[in-house]
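Numbering-wise (the working numbering), the sequence shown opens with residue 42 and increments by one.
The block underneath contains the structure these notes are about, expressed in structure tokens.
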Amino acid sequence: MTATLALTMGEPAGIGGEIALRAWLARHQQQLPPFFLLDDIDRLGRLAAQLEWDVPLAAATPETAERLFPMALPVAPVRLPRPAVAGNPDPANAAAVVEAIRRGAELARTGHAAALVTNPIQKETLYAAGFPHPGHTEYLAELGGAEVAMMLVCPGLRVVPVTIHRALRDALDDLTSERIVAAGRIAAAALRRDFGVGTPRLAVAGLNPHAGEHGTIGREEIDIIAPAIAALRDEGIAASGPFPADTMFHAAARRRYDAALCMYHDQALIPLKTIDFDGGVNVTLGLPFIRTSPDHGTALDIAGSGEANPASLVAALKLAAAMARARHHATA
Numbered sequence: 042m043t044a045t046l047a048l049t050m051g052e053p054a055g056i057g058g059e060i061a062l063r064a065w066l067a068r069h070q071q072q073l074p075p076f077f078l079l080d081d082i083d084r085l086g087r088l089a090a091q092l093e094w095d096v097p098l099a100a101a102t103p104e105t106a107e108r109l110f111p112m113a114l115p116v117a118p119v120r121l122p123r124p125a126v127a128g129n130p131d132p133a134n135a136a137a138v139v140e141a142i143r144r145g146a147e148l149a150r151t152g153h154a155a156a157l158v159t160n161p162i163q164k165e166t167l168y169a170a171g172f173p174h175p176g177h178t179e180y181l182a183e184l185g186g187a188e189v190a191m192m193l194v195c196p197g198l199r200v201v202p203v204t205i206h207r208a209l210r211d212a213l214d215d216l217t218s219e220r221i222v223a224a225g226r227i228a229a230a231a232l233r234r235d236f237g238v239g240t241p242r243l244a245v246a247g248l249n250p251h252a253g254e255h256g257t258i259g260r261e262e263i264d265i266i267a268p269a270i271a272a273l274r275d276e277g278i279a280a281s282g283p284f285p286a287d288t289m290f291h292a293a294a295r296r297r298y299d300a301a302l303c304m305y306h307d308q309a310l311i312p313l314k315t316i317d318f319d320g321g322v323n324v325t326l327g328l329p330f331i332r333t334s335p336d337h338g339t340a341l342d343i344a345g346s347g348e349a350n351p352a353s354l355v356a357a358l359k360l361a362a363a364m365a366r367a368r369h370h371a372t373a
């Protein structure tokens, strides 16, 4: 089993290159697993020189990356058609961004990389170039041929939103018992296989204030959420709730479950980002390979300044390596 991770370039006009360079510079201090970057090596060289960072770069393959990593940042070349300009995404480079994701996923799927870590993409730029998927998660689900769920992770909290990148009004229309059961099933399986949790405990959030107050502030808890919890229990999954979302995320409550199943995007992400804004990690559950990502965007406003914080990427690299080890042991 290889221990080397594949890291994609993300949006080349964003901060992905900077945080990758800074992560490599901190490799010893942070005890990082070896990784290689799917990126344009000339772009990275110009960026390192602009920022006056001493980062040697080495053209690499997945097979040579681990040997090179202590001395240089290994780069599996993906050529950009146009030079990247910090803060100004160019749709002409979109195909290279997507190619890096596709190649990274294939390397992880075939075992040539221990896991895939993806830098943030600028979705509007990809849409302008004809990218048909809402984001990374949906594209990777297609590549992996799998039903997936999104999990956000920080020390002390894991959250899984049942509906993801949907307008709130649409998310409410999309919420069904079947979706909740599917997300809970995927989450429980991943907790066992990729996080080493023997008997996963899922806490399921209500949708309405005070979890509906027995139907007086909405019936979704009675008609949709409670039947889903019952179905999960029938499958042997330790699911409980629905709980009022405003009492689920304080320290004592978090000790009572291994992951919180939330009904919509912000219900999951607000508590996680409040607890650990810089260190949160996005994980795609259900894939035939491990995928993590920093839990932030491309930060075009500070791209090229050297100010970007690599903490979330560092956490994503460490978590990807830990999940890969757990999956290997679970399937050995």
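We put the CB at the ideal spot given by N, CA and C, even for glycine.
Just so it is clear, the structure is predicted and the values come from calculations on it, not from any experiment.
Counting C-beta atoms within 10 angstroms of its own C-beta, Ala133 has fewer than 16 neighbours from the protein chains shown and is therefore classed as exposed.
With contacts defined as CB atoms closer than 7 Å, Leu46 and Ala156 qualify as a contacting pair. Bounds of the alpha helix (DSSP H) holding Val139 are 135-150. Secondary structure at Gly253: helix, using DSSP grouped into helix, strand and coil.
Between Ser218 and Ala269, the C-beta gap is smaller than 7 Å, which places the two residues in contact.
Taking C-beta atoms as the reference points, Pro53 and Phe77 fail to come closer than 7 Å. DSSP places Arg199 in the strand class (E or B) of the three-state scheme. According to DSSP, residue pairing for Arg332 in a beta bridge involves Leu157. For Leu98, the enclosing beta strand (DSSP E) starts and ends at 98-100.
Proximity to Cys303 across Met191, Ala352, His291 peaks at Met191, based on C-alpha coordinates. Looking at the backbone, the Cα of Ala361 and that of Thr257 are separated by about 44 Å. Close CB contacts of Ala89 within its chain, under the 7 Å cut and outside five residues either way in sequence, are with Leu62, Val96 (chain order). In this structure, Val203 sits away from Ala272, with a CB-CB distance that is not shorter than 7 Å.
Comparing alpha carbon positions, the residue from Pro175, Leu73, Gly237 closest to Thr372 is Gly237.
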